[in-house]
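See structure below.
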Amino acid sequence: MPPHIAQCTIDVTDLDLMTGFWSGALGYTAGPAEEGGTHLFGPPGAPSVFLQRAATPHSPKNRVHLDLILDGDVEAEVVRLVGLGARPTDAGQTGTEPFTVLADPEGNEFCLLHVDPRSR
111 MPPHIAQCTI DVTDLDLMTG FWSGALGYTA GPAEEGGTHL FGPPGAPSVF
161 LQRAATPHSP KNRVHLDLIL DGDVEAEVVR LVGLGARPTD AGQTGTEPFT
211 VLADPEGNEF CLLHVDPRSR
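Numbered per the working numbering, the sequence shown spans residues 111 to 230.
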């Protein structure tokens with residue numbers, strides 16, 4: 111059997127800020143902090159997120175990013191995420207894509223998908 115994704119790691123400089131943002135954005139629970147980071151845990155079977163303290167800020171462009179999907183109103187979710195500290199960002203999209211590109215408070219890009227890719 112091939113490997114599967116168990117965890118996503120995000121480099122952060124402000125661990126408290128980013129723990130608050132990502133736990134709120136995903137509805138995950140922050141587990142005990144480990145040296146240099148914090149684990150976030152979601153529902154059973156969902157990949158965990160590890161926030162790893164980094165010495166340097168985010169660089170210009172992510173090469174890997176999270177794609178989030180929800181059951182509900184995308185526009186309302188964008189408003190909620192912006193209220194938590196996200197901001198819309200330009201990653202070269204044309205405006206016709208089936209996703210919205212946002213950045214977390216430290217500039218890490220992520221997408222809010224309008225359609226679940228697993229349903230295609």
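Cβ atoms here follow ideal geometry from the backbone N, Cα and C, with glycine treated the same way. Here the structure is a predicted model, which is why all the values come from computation and not from measurement.
By the 16-neighbour rule on beta-carbons within 10 angstroms, A165 is exposed.
Apart from the 5 residues on each side of it in sequence, F151 sits with its Cβ closer than 7 Å to the Cβ of Y138, T139, G141 and S158 in its chain, given in chain order. Using a Cβ distance threshold of 8 Å, H149 and F160 count as a contacting pair. Within the same chain, and ignoring the five residues on either side of P215 in sequence, the residues whose Cβ sits closer than 6 Å to its Cβ are L127, F131 and G195. It is roughly 21 Å from the alpha-carbon of S229 to the alpha-carbon of A116. Taking the CA atoms as reference points, E187 sits about 11 Å from H224. Around the CB of G193, fewer than 16 other CB atoms lie within 10 Å, so the residue is classed as exposed. Under the DSSP assignment, S158 falls in the beta strand (DSSP E) whose first and last residues are S158 to R163. The three-state reading of DSSP puts G147 in strand, counting E and B together.
Within its own chain, the residues whose Cβ lies closer than 8 Å to the Cβ of Q162, once the five positions on either side in sequence are excluded, are T119, I120, D121, V122, G146 and G147, listed in chain order. Looking at the DSSP output, L176 bridges to F220. The beta carbons of V184 and L222 sit about 6 Å from each other, so the pair counts as a contact at 8 Å.
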